Structures are given as C-alpha cells and as structure tokens.
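Residue numbers (my numbering): 55 to 386.
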Ligand code: AHG
Ligand code: MN
Ligand code: MN
C-alpha cells in the first residue's frame, strides 16, 4: 500500500534519473501531454453544459465561437506540444496531413507524436466516457530539418512511449515508455495526476468480450464462430463504443476487444497509427497481445499511410490466442 502521493511529473522525472542516457526531452514531452490532458479534461467535463454555453458551431454567451470538442482537443494538444520545443511534429486523426513543429529557442527535437485527440467522440453528447490516445516516436530524419511523412510511418514496435487519457467517472492517464505500464488518476482538488495504478498487468484471461455485435452478420465466418464461442461460454458482452474505455476495462479486468473487417470496412474501422498501435504497445507492455484479422502482430505492421485502417483483436493473451485458434480452424 502506497502511503505517499506521487504525481505524474515527479514520477516521470524519477524515471528519467534511472536512465542515465536520458536527455530530458521525453520527460518534457510527457509533461506537455499531461498539461494538455488537464485542459481537455476541463472542457470534456463542461460538455453537458453545451445548451447553456452554446452548441458547437455557434457563439457562446461571451461571443466566442464554440468548437466541436474533438477539434478543441486537437488544438490544445498541438498548442501544448508546440510550446516547449520537445516535439518536432504531430500526426493527428483530425488533420489530413502531419503538422511539422518549428524549433523553439533553437531546440531541435527528435520526437514525434501520433494522436487521436478525442476517441469515442460520438459519446460526448450522451455523457459517456471518451479518451485521448497518443504515441511517441523518435524521428528518423535529421533533427536540423523539418520532419517528413516517412518519419511517422514507423512500425508500432518502434514506439518510444504510448499512452491514453480516459475521461471517465474519474480521469486517468495511463502510459508506458516500454518499462511497465502505470496509471495516474487526476485529483481535481489539487489538479494533479497522482499514481494510482502501479505496474499494471493484464489478467491472463477474462470473462467478457467487446465487439460491435450489431455487425455480426457482416463479419467473416471464422470471426462469427469465435464470437459464438464467447457467447456459448457465457462471457459477458461489454461494448462502450469508445475504444479507450473498452481497452481500459480489459487492461484491468481481462477480456478481448475485437474490431474485425466488415463489408463496409474491409480493413476494419480503427486507425493503425494513432489507435491500434499505441493501445497495442500498452497492452503488450502489460502482458497482453494484439493481432489483426490476418493474425499478424499489430506492432509489426509497416504503415504506408497516416490514416490507414487496421483490423484488431486485442486483450488478455489467452483470449487472443484462442481467437487465433478459431480463425485458423474455420478459415477456408
Ligand atoms: P473516434 O471517435 O476517434 O472516431 O473513434 C471511435 C472509434 C472507437 O473509439 C470505437 O471503438 C469505435 O469507433 C466504435 O465504432 P462502431 O460505432 O463502428 O462500433
Ligand atoms: Mn478514435
Ligand atoms: Mn477521434
């Protein structure tokens, strides 16, 4: 039982000291993300007041234009990442192209961020949890010139760090730098993320599965057989429709999340760079597994486009292995 509060900032600085080669840049970048998360959290918590404060696209009572929350989150994250010079560029779900960030005070950063600023955004209007997903890469090109698209098209195995923020019943930031997964719950009274979930390990197996069962008839037969097996085994079906929320539950309680190919989405719906990869990196770090419908490890997939989609099965290792066995058995 931990008897002293450890804040996110303290934790990342401590971790930096354990690693003699660290330059402090990654520490700075993680802190920037922590600040952005608090700003987004503040706004997400006001979302229910939209009717009073003004709907997106309109002007609020102060005459300020009201933005959609996913665009607001995108702007705030980019602002926070641009201020300190610890980030050389951002690829976001909300921007068609990547955004290069100019050096601040001559500081040339070697890091890049990929992000889904607000995940599950259709849930905002109905007061259901949403999240932010991020991944950090070391750029491949020379830090003295602007970053390029190839810098972002790196495999998930090359992630330096990844994390998510879940704006739920409480707000929690979970991240890993490849040495374990830790979670920090925001204490709103002091405005600090405090270490609450140390060295998270995903349960080997679970008794719930998470998939949009409404698309059942549109899935391939082998995926349907696995879903039938989950149902036959009396597993509970849990699907929030915010991947961050579904993955967070699975990380703590065990289970499997599936977004297979459908007729409408032959490669699934979720994005490889800023949804599948960061969450797969975290889940693997916690002892879980993540593969696509072709049974390839997600983190080994070579991306070719910033916004490419990928199918995914992710969660407790035994459940992912079992799903794999079903697909192998039933695929023609
Ligand atoms: P986003 O809000 O960033 O577009 O992501 C929504 C994603 C993901 O969070 C969720 O798991 C999935 O879309 C739900 O899709 P379906 O409604 O097709 O099940
Ligand atoms: Mn998303
Ligand atoms: Mn989004």
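Each residue gets a CB set at the ideal place from its N, CA and C atoms; glycine is no exception. Nothing here was measured: the structure is a model prediction, and the numbers come from that model.
| Asked | Found |
| --- | --- |
| Could you check whether the region 360-371 touches the region 242-249, counting it as contact only if at least three pairs of C-beta atoms, one from each stretch, sit closer than 8 Å? | no |
| Report the CB separation of residue 62 from residue 227 in whole angstroms; it is logged as a contact under 8 Å. | 7 Å |
| Starting from residue 297 and walking both ways along the alpha helix (DSSP H), at which residues does that stretch end? | 297-307 |
| When you compare only the Cα positions, how much space is there between residue 86 and residue 285? | 43 Å |
| Along the alpha helix (DSSP H) that carries residue 218, what are the first and last residues, could you check? | Where residue 218 is concerned, there is no enclosing alpha helix (DSSP H), although the beta strand (DSSP E) it sits in stretches over 215-221. |
| For residue 364, is the beta carbon positioned less than 7 Å from some heavy atom of ligand 1? | no |
| What does DSSP give as the partner residues of residue 95 in its beta bridges? | None; residue 95 has no bridge partner. |
| Would the region 274-288 and the region 150-164 be scored as touching if the rule is three or more Cβ pairs under 8 Å? | no |
| Would you call residue 184 buried or exposed, if buried means 16 or more other Cβ atoms sit within 10 Å of its Cβ? | buried |
| Using DSSP's beta-bridge definition, name the partner residues of residue 311. | 264, 368 |
| Could you check if residue 359 is buried or exposed, using at least 16 other CB atoms within 10 Å of its CB as the buried criterion? | exposed |
| Taking contact to mean at least 3 C-beta pairs separated by less than 8 Å, is the region 319-339 in contact with the region 188-208? | yes |
| Could you check what DSSP says for residue 195 in three-state terms: helix, strand or coil? | coil |
| Residue 196 to residue 182, Cα distance in whole Å? | 43 Å |
| Below 8 Å on the Cβ atoms is my guess for residue 234 versus residue 356; work out the distance and round it to an integer in Å. | Actually they are not in contact, since the Cβ atoms of residue 234 and residue 356 sit about 27 Å apart, beyond 8 Å. |
| When every heavy atom of ligand 1 is checked, does at least one fall within less than 7 Å of the C-beta of residue 323? | yes |
| Between residue 147 and ligand 1, is there a pair consisting of the residue's CB and a ligand heavy atom that are separated by less than 7 Å? | yes |
| Evaluate contact between the region 268-278 and the region 315-324, counting only Cβ atoms and requiring at least three cross-stretch pairs below 8 Å. | yes |
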